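Since the structure comes first, as C-alpha cells, the remarks are kept for the end.
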Amino acid sequence: MSISASIVVLNYNYGRFVAAAIESALAQTAPGCEVIVVDNGSTDDSAEVIARYADRVRVVRQPVNIGQGQGYNLGIEAARGEWIVWLDADDLLDPDAISTCLAAADDHTAKVQYALRLIDAEGRPLGGLMPYLSHHGDVVPIIRRLGHYAGPPGSGNLYRLRAVAPYFPVAPEDWPICTDTVPFLTAPFHGRVVPVERPLGSYRLHRKPADRDAPGYRGNYSGSVGQEVRLVVDSRERTLELLRQRSGFHIDPPALMLPTHVRHRITSWRWARAAHPFPEDSAESLWALMRASLQHCPGYGEAQRAALLAWAAGALFLPAPMAGAVMNGAQPLREALGRWRRRSIS
0 MSISASIVVL NYNYGRFVAA AIESALAQTA PGCEVIVVDN GSTDDSAEVI ARYADRVRVV
60 RQPVNIGQGQ GYNLGIEAAR GEWIVWLDAD DLLDPDAIST CLAAADDHTA KVQYALRLID
120 AEGRPLGGLM PYLSHHGDVV PIIRRLGHYA GPPGSGNLYR LRAVAPYFPV APEDWPICTD
180 TVPFLTAPFH GRVVPVERPL GSYRLHRKPA DRDAPGYRGN YSGSVGQEVR LVVDSRERTL
240 ELLRQRSGFH IDPPALMLPT HVRHRITSWR WARAAHPFPE DSAESLWALM RASLQHCPGY
300 GEAQRAALLA WAAGALFLPA PMAGAVMNGA QPLREALGRW RRRSIS
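Oh and the sequence shown: position 133 is 132 in numbering that gives the first Met the number 0, straight run, nothing missing.
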C-alpha cells in the first residue's frame with residue numbers, strides 16, 4: 000500500500016503526553032498513514048514511553064536537543080507520504096483527521112487546515128477553538144501585505160510534501176523554536192489553502208492565566224511576551240528570506256502585521272516595557288499600526304474591528320491599572336472602572 004500521509008510526532012521531554020499523541024496518530028481511519036516519532040534529545044522518560052510503540056511507528060532520535068528546527072528536519076527527511084503533518088507531542092488528532100483533509104484536497108491544494116479544540120494539561124475541554132480567525136484560498140496577497148496570514152498552530156495543518164520540501168533542511172541554529180512558521184508561510188506559494196469547517200484535533204494549553212506574565216494572553220509560549228513578539232517577527236523574516244533564496248519569491252519587507260500579532264506587541268509594550276524588543280514603539284505608533292492592520296486584514300466584521308480598536312485604545316492610553324484590566328478582559332475592566340468611579344466620588 001502506498002503511503003498517503005506521514006504523521007510526524009515531534010517530542011521533547013513530553014513523556015507525560017507523547018503516548019496520547021502517538022495513539023491519536025495510530026488511530027487514523029485513512030488508509031496508508033505512517034507514524035514517525037522524532038524524539039529531539041529528551042532527558043525524561045520519553046524514550047521508554049515511545050519504545051512501547053516501536054513495532055507500529057518509526058522512531059528517529061536526536062541524541063542531543065539542538066532545537067525544534069532539527070526535529071522538523073529529521074521528520075521531513077524520514078517522511079514517505081504525499082502529505083505531512085507535524086504533530087506536537089502534547090496535541091491530538093481526531094481519528095478522521097487525515098481522511099477528512101484528504102477528501103477536501105484537490106490537485107491545486109498545498110495545505111489543508113483545521114481548527115483545534117482547546118484542552119488543559121489533563122486533557123479536559125476548556126471550551127473554544129484555536130485559531131480564532133483563519134484565512135484560506137489564495138493567501139499570498141495577504142502575506143505580501145501583512146507578512147503573515149491567520150491560521151491554526153502547527154498541529155492543525157496537513158501539507159503537501161512537495162510544497163514544503165524545498166525549504167528543508169533549515170539551519171538548526173537559526174530555528175530553536177517557531178519552525179512551524181516555515182511550512183506555514185511557504186506552502187501557499189505552491190498552491191491553495193483549503194479549510195475544513197470543523198475541528199479535527201486538540202491543542203493543549205499548559206498554563207493557567209495566573210501563571211503567565213502578560214494579561215489576556217491565551218496560548219503556550221516559551222518565555223516572556225516580549226520574547227514571543229520578537230520570535231514572531233524574526234521567524235517571519237527568516238522564512239521570507241528562505242522563500243527568496245530557495246524559490247525566487249521576493250516579498251518586500253512588510254510594514255504591517257496581523258492584528259493578533261499587533262495585540263501581542265501592544266501587550267508587551269504596555270505590560271513589560273523594560274523588556275519590550277522594539278524600542279522605537281510608542282503608544283501613537285502602535286495605535287496607527289493596529290488601525291492599518293485591521294484595515295488591510297480580511298476576515299473581521301465591523302463589530303470585531305471596533306472591539307479590537309477599543310481594546311487597543313484602552314491598553315495604550317488608559318492609566319496603568321485600567322489598561323491592565325482592559326488587557327485581561329471585560330470583567331476585570333468593569334471592576335477597575337468601578338474602583339475608579341468610587342475613588343473619584345470619595
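From the three backbone atoms N, C-alpha and C, an ideal C-beta is built for every residue, glycine too.
Model, not experiment: these values are computed from the prediction.
| Check | Outcome |
| --- | --- |
| Every unbroken beta strand (DSSP E) within the region 97-160, with a cutoff of 3 residues, ordered by chain | 108-112, 115-118, 124-129, 156-159 |
| Three or more C-beta pairs below 8 angstroms linking the region 60-76 and the region 174-184 | yes |
| Neighbour flag for residue 169 against chain D, beta carbons, 8 angstroms | Included in the structure is just one protein chain, with no chain D present. |
| Residue from 326, 191, 283, 297 with nearest C-alpha to residue 149 | 297 |
| Helix, strand or coil at residue 63 [DSSP, three-state] | coil |
| Cβ contact check for the region 279-289 and the region 252-261: 3 or more pairs under 8 angstroms | yes |
| For residue 288, the residue or residues it bridges with in DSSP | DSSP lists no partner for residue 288. |
| CB of residue 193 within 8 angstroms of CB of residue 104, strictly | yes |
| Terminal residues of the alpha helix (DSSP H) in which residue 47 lies | 45-50 |
| Residue 229 to residue 146 span [Cα, whole Å] | 14 angstroms |
| Reference residue 129; option with closest CA among 75, 138, 201, 81 | 201 |
| Euclidean distance between Cα positions of residue 237 and residue 244 | 10 angstroms |
| Residue 209, buried or exposed, once every other Cβ within 10 Å from all chains shown has been counted against 16 | Confidence at residue 209 is low in this model, with a pLDDT of 41, below 50, so its placement is unreliable and the value that follows should be read with caution. Classification for residue 209: exposed. |
| Cβ shell of residue 260 (< 6 angstroms), same chain only, five flanking positions each side left out | 231 |
| Spatially closest choice to residue 82 from 292, 241, 30, by CA coordinates | 30 |
| Beta-carbon gap between residue 100 and residue 157 smaller than 8 angstroms | yes |
| Residue 203 - DSSP class collapsed to helix/strand/coil | strand |
| Residue 194 - containing beta strand (DSSP E), residue span | 191-194 |
| Other residues of its chain near residue 134: CB distance less than 8 angstroms, five sequence neighbours each side excluded | 141, 148, 149, 150, 192, 297, 298 |
| C-alpha distance - residue 13 paired with residue 307, whole-angstrom precision | 36 angstroms |
| Straight-line gap, residue 184 to residue 18 (C-alpha atoms, nearest Å) | 29 angstroms |
| C-alpha gap between residue 122 and residue 249, whole angstroms | 42 angstroms |
| Under 8 angstroms between C-beta atoms of residue 85 and residue 233 | no |
| Rounded straight-line distance, which links the Cα of residue 73 to that of residue 50 | 18 angstroms |
| Spatially closest choice to residue 2 from 264, 80, 45, by CA coordinates | 80 |
| Cβ neighbour criterion (16 or more within 10 Å) applied to residue 266 | buried |
| Paired residues, beta bridge with residue 92 - DSSP | 200 |
| For residue 144 and residue 263, the rounded distance between their alpha carbons | 19 angstroms |
| Euclidean distance between Cα positions of residue 319 and residue 276 | 20 angstroms |
| Start-to-end residues for the alpha helix (DSSP H) that takes in residue 12 | Looking at the DSSP string, residue 12 is not in any alpha helix (DSSP H), and its letter there is neither H nor E. |
| Cβ-based neighbour list, residue 44, same chain, cut-off 7 angstroms, excluding 5 preceding and 5 following | 14 |
| Selected residue, minimal CA-CA separation from residue 314, among 303, 304, 328 | 328 |
| C-alpha gap between residue 225 and residue 240, whole angstroms | 23 angstroms |
| Spatial neighbours of residue 39 in its chain, beta-carbon cut-off 6 angstroms, leaving aside the 5 residues before and after | 11, 61, 64, 70 |
| Assumed close pair residue 6, residue 34 - CB separation to whole angstroms, cut-off 8 angstroms | 5 angstroms |
| Neighbour-count burial assignment, residue 54, 16 or more Cβ in a 10 Å radius | exposed |
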